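Peer 1: Take a look at this one; I'll ask things after.
In the working numbering, the protein residues as written are 4 to 161.
This is the structure in structure tokens:
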């Protein structure tokens, strides 16, 4: 990890406003105080660095966990979508087959209806012909009955 840049805010203490003093001009007590202050500052900075590193590690761990969760959710959703696509494709294929079967059935029924219509027309023509025949036969019967009646009257008269 690269060293962090110091901003002056990390220790919570204000930077020293006194000009730097050469260590050779300092007394041993001042040197000990300075060394202790520097040691305390190093410990504080080390603790802050460790806290920042821990926070960064925790954030990275959380990020990794979230990524794994999202990947699992995406995988689950992809599988669900594939299931939908499969069912939709299967249903579509079933509907196409059903539509083709119904088209064949409609063509068959249309053919049967056309044949029945032609048979009806033939039967109607036959019926009309029979009605004309019956009318002629009725007329002939009526004429024959009239002749019989005339002949019977002639026979009675004679």
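Ideal Cβ placement from N, Cα and C applies to all residues, glycine included. Just so we're clear, the structure is a prediction, and the values are computed from it rather than from any experiment.
Report yes if the CB atom of residue 29 is closer than 9 Å to the CB atom of residue 37, and no otherwise.
Peer 2: yes
Peer 1: I need the boundaries of the alpha helix (DSSP H) containing residue 29, first residue and last residue.
Peer 2: Looking at the DSSP string, residue 29 is not in any alpha helix (DSSP H), and its letter there is neither H nor E.
Peer 1: Go ahead and pull the three-state DSSP assignment for residue 95.
Peer 2: Looking at residue 95 - three-state DSSP - the assignment turns out to be helix.
Peer 1: Sorted by chain position, which residues of the same chain lie with C-beta nearer than 6 Å to residue 97's C-beta, five sequence neighbours on each side aside?
Peer 2: none
Peer 1: Give the DSSP-derived three-state secondary structure of residue 161 in the structure shown.
Peer 2: coil
Peer 1: If you reduce the DSSP assignment to three classes, tell me which class residue 148 lands in.
Peer 2: helix
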